[in-house]
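**Student:** Residue numbers (the working numbering): 542 to 952.
Each residue gets a CB set at the ideal place from its N, CA and C atoms; glycine is no exception.
#1: Here's a check: name, in chain order, each residue in its chain whose Cβ is nearer than 8 angstroms to the Cβ of residue 913, leaving out the five neighbours to either side.
#2: For residue 559, which residues in the same chain have their Cβ closer than 8 angstroms to its Cβ, ignoring the five residues on either side in sequence?
#3: Measuring alpha carbon to alpha carbon, tell me which residue in 601, 738 and 936 is nearest residue 747.
#4: Which runs of the alpha helix (DSSP H) at least 4 residues long sit entirely within the stretch 822-863? Give them in chain order.
#5: I need the DSSP call for residue 717, collapsed to helix, strand or coil.
#6: Look at the Cβ atom of residue 639, then the Cβ atom of residue 810, and state whether they are nearer than 9 angstroms.
#7: Comparing C-alpha positions only, which one of 610, 734 and 938 sits nearest to residue 689?
#8: With 16 other CB atoms within 10 Å as the buried threshold, where does residue 666 fall?
#9: Could you give the distance in angstroms between the alpha-carbon of residue 931 and the alpha-carbon of residue 569?
#10: Across the stretch 771-778 and the stretch 676-688, are there enough close Cβ pairs to call them in contact, namely three or more that are closer than 8 angstroms?
#11: Rounding to the nearest angstrom, what Cα-Cα distance links residue 807 and residue 609 in this structure?
#12: Taking just the CA atoms, how far does residue 604 sit from residue 674?
#13: Would DSSP call residue 559 helix, strand or coil?
#14: Going straight from the alpha carbon of residue 939 to that of residue 867, what length do you get?
#15: Please state the DSSP three-state secondary structure of residue 638.
#16: Whose C-beta lies closer than 6 angstroms to the C-beta of residue 593 among residues of the same chain, with five residues either side of it excluded?
#17: Along the chain, where does the alpha helix (DSSP H) containing residue 932 start, and where does it finish?
#18: If we ignore side chains and look at the alpha-carbon of each, how far apart do residue 897 and residue 764 end up?
#19: For the alpha helix (DSSP H) holding residue 774, just list the boundary residues, first then last.
#20: Helix, strand or coil: which one does DSSP assign to residue 893?
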């Protein structure tokens, strides 16, 4: 237990007088070193959390949690109503929606670009996909024809690149068609743009458009078939177990995949980057600890006569040791507190002000989001205080090895 005497001496030794200004300056540098290390770790942890969470949210907003597919692509899934109903009986399944999609060419006034046309069932058969529940522009009013043309909802980037807006007509050219003596005749159809969605996931916003299941079947020249059943779960982290349960009730020509399998490589890479960044920036904490070690070692050398005098007056060696432990703790606590406050303030300002812009085509996000977590702050603070304490061990031991008689011989 630290006594008031030990705390008083520790604070006095950290308080500069004119001839010990160098020690005081190094103490300030030590506090700054710990603070900068803590602040950088808080910022990096918040950035990686924000990036991962935002990307996961955007991906899950655009991607089904579990997807039922054909093992080998044939003519499609014909008995999809019965299969969707069976999937809904599995625990943790929230909804099961049939879908049909294929690669097409979108033709607009600015340019033509490839993408995917995705047909979904009417809302009375299956709930709308997440991207269509909150449209950026326009409004969803069902899949009935609008002024003589089937409706379509475009991704925001796809609409921008093709020059489309709500109310415009966009051409859709299928790669399927009839074979004629002059070559294949592709099916082309005009759609009326009734809405524009934005998930925040650039690849999805740039490549996908939604319309009715029947419209896609006409474009592809298919009957009442689908090529996937997309399943939404109550608990997304139970996807592997739920997918296994669904697969047990499916016919042998069908299997399942989950969002975890689809994006396993991406999230593994993000976790690896987070660990490497934390390790590299953790070296700054070691620099701060080294500064504390240097500060206390210089203080022992400067104050060896004072320490000897305290011992001669009856101060125990354990008390001398605790005085230097207290000094290291004060430096570490001050640096940790300043670093935590500075790091969280900078994260708040950077997130609100969108300081760091990103290329959506590369990172799928327009700016770097910052999301600090309490658990990260606690772990960073614990690491900083632990390294600060370890840095006091050698100086504290050196201080207790001073021989009072030797140090005061010529005083």
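**Tutor:** For this structure:
#1: Here residue 913 refers to the residue found at position 372 of the chain shown. Excluding positions up to five away in sequence, the list reads 583, 586, 587, 590, 884, 885 and 888.
#2: Residue numbering aside, residue 559 sits at position 18 when the chain shown is read from its first letter. In this prediction, residue 559 scores a pLDDT of 49, lower than 50, which makes its location untrustworthy; no coordinate-derived value is stated.
#3: Taking the first residue of the chain shown as position 1, residue 747 is located at position 206. Taking only the C-alpha atoms, the option nearest residue 747 is 738.
#4: 845-853
#5: Stepping through the chain shown from its first residue, residue 717 is reached at position 176. Residue state, collapsed to three classes: strand.
#6: Translated into the one-based positions of the chain shown, residue 639 becomes position 98. Translated into the one-based positions of the chain shown, residue 810 becomes position 269. In this structure, residue 639 keeps its C-beta atom at 9 angstroms or more from the C-beta atom of residue 810.
#7: Your numbering for residue 689 matches position 148 in the chain shown. Of 610, 734 and 938, the residue nearest in Cα terms is 734.
#8: The residue you call residue 666 lines up with position 125 of the chain shown. Classification of residue 666: exposed, given that the 10 Å Cβ count is below 16.
#9: Counted from its first residue, the chain shown places residue 931 at position 390. Counted from its first residue, the chain shown places residue 569 at position 28. When rounded, the distance between both Cα atoms is 19 angstroms.
#10: no
#11: Start at 1 with the first residue of the chain shown, and residue 807 comes out as number 266. Start at 1 with the first residue of the chain shown, and residue 609 comes out as number 68. Computed Cα separation, rounded: 22 angstroms.
#12: As a position in the chain shown, residue 674 is number 133, starting the count at 1. As a position in the chain shown, residue 604 is number 63, starting the count at 1. Computed Cα separation, rounded: 14 angstroms.
#13: Looking up residue 559 in the chain shown gives position 18. Any answer about residue 559 is weak, because its pLDDT of 49 lies below 50 and its placement is not dependable; what the coordinates show is given next. In the structure shown, residue 559 sits in a helix (DSSP, three-state: H, G or I).
#14: Mapped onto the chain shown, residue 939 falls at position 398. Mapped onto the chain shown, residue 867 falls at position 326. Spanning the two alpha carbons is a distance of roughly 15 angstroms.
#15: Start at 1 with the first residue of the chain shown, and residue 638 comes out as number 97. Residue state, collapsed to three classes: strand.
#16: Translated into the one-based positions of the chain shown, residue 593 becomes position 52. 811, listed in sequence order.
#17: On the chain shown, position 391 is the one that residue 932 refers to. Here the alpha helix (DSSP H) through residue 932 covers 915-932.
#18: Here residue 897 refers to the residue found at position 356 when the chain shown is read from its first residue. Here residue 764 refers to the residue found at position 223 when the chain shown is read from its first residue. Cα to Cα, the separation comes out at about 49 angstroms.
#19: On the chain shown, position 233 is the one that residue 774 refers to. Careful: residue 774 lies outside any alpha helix (DSSP H), inside the beta strand (DSSP E) at 769-774.
#20: Here residue 893 corresponds to residue number 352 of the chain shown, with the count starting at 1. Of the three classes helix, strand and coil, the one that applies to residue 893 here is helix, per DSSP.
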